[in-house]
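When you read off a place in the sequence shown, starting at 1, and then add 6, the result is the number in this note's numbering. Cβ atoms here follow ideal geometry from the backbone N, Cα and C, with glycine treated the same way. Quick caveat, the model's predicted, so the values are computed rather than measured.
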Amino acid sequence: MGKGCVAATKYFLFLFNLLFFIFGAVIMGFGLWVMLDNQSFIMVLHESSTTLKVAAYILIGIGSLTMLMGFLGCIGAIYEIRCLLGLYFTCLLLILIAQVTAAVLIYFQRDLLRQEMSTIVNKILVNYTGHNKTSEHAWDYLQRTMKCCGWTGHANWTENELIKSLNNSQNLYPCSCRNESIGGSDMKETGLCPHLSPDWPVFTTGCVSSVEDWLLRNCGVILGVCVGIAVIELLGMILSMCLCKSVQQEDYSKVPKY
7 MGKGCVAATK YFLFLFNLLF FIFGAVIMGF GLWVMLDNQS FIMVLHESST TLKVAAYILI
67 GIGSLTMLMG FLGCIGAIYE IRCLLGLYFT CLLLILIAQV TAAVLIYFQR DLLRQEMSTI
127 VNKILVNYTG HNKTSEHAWD YLQRTMKCCG WTGHANWTEN ELIKSLNNSQ NLYPCSCRNE
187 SIGGSDMKET GLCPHLSPDW PVFTTGCVSS VEDWLLRNCG VILGVCVGIA VIELLGMILS
247 MCLCKSVQQE DYSKVPKY
């Protein structure tokens, strides 16, 4: 390989490693968001799902590893260190295999995941009081923004302990389910609201349908991001092998001394 090709490969590989460092930061940031966010559907699942907590830690670990790998790859590319280039190729291969495995598992276990989410949400609905509980406020936020009510429909709320206990004295319904197009009293964002009529002024669509519709509308973007990351990983592997083959022997004198 000519010197010009080697130089081009080296700097392209440096660019790819820089992108990997950034992707690693994004992945780690997403894992931290899953752990810390309290204003979305993620928090609803997070408080009850051990699987999601483990997944968040895995994302943080993968993001940290990817950032470290990107840093080492940049050093290996600039200073043409074969052992770092080989380590970089191996790490990329393992990450790509892990991503494909995770995607396959999610696809074939989607029914089990949906059943787990249904169990978690129904537990929240049964025990809902609307008083300063993060998962409850997150569920209220989801119902307001997605314009839905309950998991499969507003009938899920009839199993709520407080609604059943006060059914004879007050006709309560979840405030965050309130359909703005139906006239009535002032709307509240959280808690349970009284209503004179036995027919609740709420959305009839279940949140599982709304979430699935959102995923379908954005599946192109999600797939595009996944494919883009996979392509970058493959290109990084190819460039690292090309540069590794062009390096005849290790020259550690190129590595800066501190």
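Discussion item. So, at 8 Å on beta carbons, what are the nonlocal neighbours of Leu202 in its own chain, with the 5 sequence-adjacent residues on each side left out?
Written reply: Numbered from its first residue, the sequence shown carries residue 202 at position 196. Contacts found: Asn177.
Worksheet item: Short check: CB of Leu98 to CB of Glu239, under 7 Å?
Response: In the sequence shown, the residue the question calls residue 98 occupies position 92. In the sequence shown, the residue the question calls residue 239 occupies position 233. Yes.
Discussion item. Using C-beta distances below 7 Å, list every residue in its chain close to Leu241, excluding the 5 sequence neighbours before and after it, in chain order.
Written reply: Position 235 of the sequence shown, counted from the first residue, corresponds to residue 241. Excluding residues within five positions, the ones whose Cβ falls inside 7 Å are Phe22.
Worksheet item: If you follow the alpha helix (DSSP H) that Cys89 is part of, which residue opens it and which one closes it?
Response: Translated into the one-based positions of the sequence shown, residue 89 becomes position 83. Residues Arg88 to Phe114.
Worksheet item: Can the beta-carbon of Gly212 be found less than 7 Å from the beta-carbon of Trp163?
Response: The count along the sequence shown starts at 1 and reaches residue 212 at position 206. The count along the sequence shown starts at 1 and reaches residue 163 at position 157. Against a cut-off of 7 Å, the Cβ pair of Trp163 and Gly212 comes out as no contact.
Practice prompt. Quick one: give me the first and last residue of the beta strand (DSSP E) that Tyr179 is part of.
Written response: Here residue 179 refers to the residue found at position 173 of the sequence shown. Note, Tyr179: beta strand (DSSP E), Leu178 to Pro180.
Worksheet item: Can you tell which of Met123, Trp220 and Phe114 has its C-alpha closest to the C-alpha of Met152?
Response: The count along the sequence shown starts at 1 and reaches residue 152 at position 146. The residue with the shortest Cα to Cα distance from Met152 is Trp220.
Fill in: Proximity winner among Asn128, Ala13 and Thr140, relative to His160 (alpha-carbon distances)
For the purposes of this step, residue 160 is taken as the residue at position 154 of the sequence shown. Here the closest residue by C-alpha is Asn128.
Fill in: Distance CB(Ile33)-CB(Gly69) smaller than 7 Å
Numbered from its first residue, the sequence shown carries residue 33 at position 27. Numbered from its first residue, the sequence shown carries residue 69 at position 63. Yes, they are a contact pair.
Worksheet entry | Residues of its chain near Ala104, where Cβ-Cβ distance is below 8 Å and the 5 sequence neighbours each way are ignored | Taking the sequence shown and counting its residues from 1, the one referred to as residue 104 is at position 98. Excluding positions up to five away in sequence, the list reads Ile68.
Item to complete: Could you round the C-beta distance between Asn185 and Val208 to whole angstroms and report it? I think they count as a contact, below 8 Å.
Response: Numbered from its first residue, the sequence shown carries residue 185 at position 179. Numbered from its first residue, the sequence shown carries residue 208 at position 202. Their Cβ separation, rounded to whole angstroms, is 6 Å, which keeps Asn185 and Val208 in contact under 8 Å.
Worksheet item: Is the region 135-154 touching the region 107-116, taking contact as three or more C-beta pairs under 8 Å?
Response: no
Practice prompt. Look at Cys183 and Gly197 and say whether their C-beta atoms are less than 7 Å apart.
Written response: On the sequence shown, position 177 is the one that residue 183 refers to. On the sequence shown, position 191 is the one that residue 197 refers to. No. Outside cutoff.
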